[in-house]
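J.: For reference, the structure I am asking about is given below.
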Amino acid sequence: MNTTSAGPAIEAIGLSKQFNTVHAVSDLSFTVPTGSITGFIGPNGSGKTTTLRMLLGLIAPTSGSSTVAGVPFAALPQPARTVGAVLDSLSLHPNRTALGHLLVYSAAIGVTDERARHVLALVGLEQAARQRAGTFSLGMRQRLALATALLGDPRILVLDEPANGLDPEGIAWLRDFLRAFAESGRTVLVSSHILREVEQIVDRLVIVNRGSLVYQGGIEDLRRSHSARVLVAASDPARLALALGAEGLTDAQVLPDGRLAVRGAAEQTVAGIAAAADVKIFGSTIEQVDLEQVFLSMTAGQYAAQHYGPPLSQQYGTDPFGGPR
Ligand SMILES: Nc1ncnc2c1ncn2[C@@H]1O[C@H](COP(=O)(O)OP(=O)(O)OP(=O)(O)O)[C@@H](O)[C@H]1O
Numbered sequence: 001m002n003t004t005s006a007g008p009a010i011e012a013i014g015l016s017k018q019f020n021t022v023h024a025v026s027d028l029s030f031t032v033p034t035g036s037i038t039g040f041i042g043p044n045g046s047g048k049t050t051t052l053r054m055l056l057g058l059i060a061p062t063s064g065s066s067t068v069a070g071v072p073f074a075a076l077p078q079p080a081r082t083v084g085a086v087l088d089s090l091s092l093h094p095n096r097t098a099l100g101h102l103l104v105y106s107a108a109i110g111v112t113d114e115r116a117r118h119v120l121a122l123v124g125l126e127q128a129a130r131q132r133a134g135t136f137s138l139g140m141r142q143r144l145a146l147a148t149a150l151l152g153d154p155r156i157l158v159l160d161e162p163a164n165g166l167d168p169e170g171i172a173w174l175r176d177f178l179r180a181f182a183e184s185g186r187t188v189l190v191s192s193h194i195l196r197e198v199e200q201i202v203d204r205l206v207i208v209n210r211g212s213l214v215y216q217g218g219i220e221d222l223r224r225s226h227s228a229r230v231l232v233a234a235s236d237p238a239r240l241a242l243a244l245g246a247e248g249l250t251d252a253q254v255l256p257d258g259r260l261a262v263r264g265a266a267e268q269t270v271a272g273i274a275a276a277a278d279v280k281i282f283g284s285t286i287e288q289v290d291l292e293q294v295f296l297s298m299t300a301g302q303y304a305a306q307h308y309g310p311p312l313s314q315q316y317g318t319d320p321f322g323g324p325r
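In the UniProt record's numbering, the protein residues as written are 1 to 325.
See below:
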């Protein structure tokens with residue numbers, strides 16, 4: 001993570017958006033630190049796209065404000081050179097080639113044709129440069145959309161559900177790509193309604209539910225804050241539960257497989273109490289925290305399950321995202 005930059009790459013300050021009677025976003029504040037890959041997670045309809053559209057100046061908030069690279073989006077002198085975004089599925093002329101599509105955009109934002117070829121290679125589409133977009137798979141369309149967002153050599157990428165429709169290989173490719181992008185000191189804000197899909201990609205999370213913030217912080221902090229349980233196979237689980245309760249450890253539950261699940265105590269503590277109560281322990285393990293479950297409990301189960309290509313080429317050196325403009 002880049003620690004040299006003073007301010008956050010993106011900041012939302014009390015953003016709200018109402019569409020008639022629908023409160024799509026309610027008093028939402030969060031920051032996206034420079035150099036981070038921040039996951040913007042929430043169930044379908046929780047206001048993610050609406051928030052991203054406000055951050056990018058596409059719709060006005062009902063109240064609140066936001067900054068990108070320290071200023072409101074509208075005040076950015078050359079927005080495409082600061083922030084690249086993929087919000088909607090890319091509208092492509094079916095007869096236009098991948099390169100042809102990029103050349104239209106490169107002309108519009110004033111970057112060279114060489115830059116267009118460079119970004120095409122960055123997303124692994126150089127072989128498809130002369131292929132017509134009408135023949136593209138969903139994964140190829142996603143890559144071309146990403147290439148379009150990269151044209152201005154932006155420091156910040158905003159991606160709305162980029163994993164949607166990608167196969168596991170595509171998701172792995174995206175993860176490597178975004179990591180390399182962030183390692184070059186740049187910032188990514190990536191939305192998803194499936195935490196598991198971006199769990200391996202992001203280092204920070206902003207979780208929303210019904211338009212409101214429910215969590216922001218490090219992904220590891222979230223894992224740690226949900227204390228794991230000690231699962232104990234014991235000769236007499238009921239007796240052990242009683243002995244634990246007498247020591248103030250009242251959160252102990254017998255699982256269907258007969259093990260006792262104990263929250264709030266270390267394995268050694270449980271073993272000590274068991275020995276004192278004359279209960280034999282045949283084995284114990286620490287339960288892994290399932291972040292998806294944590295997310296589900298935070299968002300009251302409003303969620304639909306779902307699911308993502310080759311690693312980013314190393315051929316462009318330490319900052320492959322720079323290159324020609
Ligand atoms: N232009 C609009 N007019 C009316 N209601 C809207 C509009 N845009 C969004 N909404 C509503 O606002 C709420 C939030 O929608 P939004 O698309 O921001 O959520 P989301 O988290 O991005 O969901 P998804 O993952 O399904 O795209 C929803 O109830 C949606 O129906």
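From the three backbone atoms N, C-alpha and C, an ideal C-beta is built for every residue, glycine too.
Is it right to say G283 is buried, meaning 16 or more other beta carbons lie within 10 angstroms of its own, or is it exposed?
T.: Position 283 of the sequence shown, counted from the first residue, corresponds to residue 283. G283 is exposed by the Cβ-count criterion.
J.: Using a 10 Å radius around the Cβ and a threshold of 16 neighbouring Cβ atoms, would you call I10 buried or exposed?
T.: Counting from 1 along the sequence shown, the entry for residue 10 is found at position 10. That one is buried.
J.: Rounded to the nearest angstrom, how far is the Cβ of T31 from that of P61, given a contact under 8 Å?
T.: Within the sequence shown, the letter at position 31 stands for residue 31. Within the sequence shown, the letter at position 61 stands for residue 61. About 17 Å separates the Cβ atoms of T31 and P61, ruling out a contact at the 8 Å cut-off.
J.: Give the secondary structure of G134 by DSSP, where H, G and I count as helix, E and B as strand, and everything else as coil.
T.: Locating residue 134 in the sequence shown gives position 134, where the first residue counts as 1. Helix at G134.
J.: Taking the beta carbon of T21 as the centre, do at least 16 other beta carbons fall within 10 Å, making it buried, or is it exposed?
T.: For the purposes of this step, residue 21 is identified with residue 21 of the sequence shown, where counting begins at 1. T21 comes out exposed.
J.: Using a threshold of 8 Å, state whether the C-beta atoms of I13 and S66 are closer than that.
T.: For the purposes of this step, residue 13 is identified with residue 13 of the sequence shown, where counting begins at 1. For the purposes of this step, residue 66 is identified with residue 66 of the sequence shown, where counting begins at 1. Contact: yes.
J.: Please classify K48 as buried or exposed, where buried requires at least 16 neighbouring CB atoms within 10 angstroms.
T.: Start at 1 with the first residue of the sequence shown, and residue 48 comes out as number 48. Classification for K48: buried.
J.: Any idea which residues DSSP pairs S65 with across the strands?
T.: Along the sequence shown, one-based indexing puts residue 65 at 65. Answer by DSSP bridge pairing, in chain order: I13.
J.: Run through the region 147-214 for me and flag every whole alpha helix (DSSP H) of 4 or more residues, listed as ranges in chain order.
T.: 168-183, 195-199
J.: For H307, name the three-state secondary structure that DSSP assigns.
T.: Taking the sequence shown and counting its residues from 1, one reaches residue 307 at position 307. Confidence is the limiting factor: at H307 the pLDDT is only 26, short of 50, which leaves the residue's position unreliable and the question unanswerable from this model.
J.: Please report the residue range of the beta strand (DSSP E) in which S29 lies.
T.: Translated into positions along the sequence shown, residue 29 becomes position 29. It spans 22-32 - the beta strand (DSSP E) in which S29 sits, taken as one unbroken run.
J.: Could you tell me the alpha carbon to alpha carbon distance between H93 and V262, rounded to whole angstroms?
T.: Reading the sequence shown from its first residue, position 93 is the one you call residue 93. Reading the sequence shown from its first residue, position 262 is the one you call residue 262. Distance between the alpha carbons of H93 and V262: 59 Å.
J.: Pull up the CB-CB distance for L151 and A116, whole angstroms please, since I reckon it's below 8 Å.
T.: Locating residue 151 in the sequence shown gives position 151, where the first residue counts as 1. Locating residue 116 in the sequence shown gives position 116, where the first residue counts as 1. The pair is a contact, with the Cβ atoms about 7 Å apart (cut-off 8 Å).
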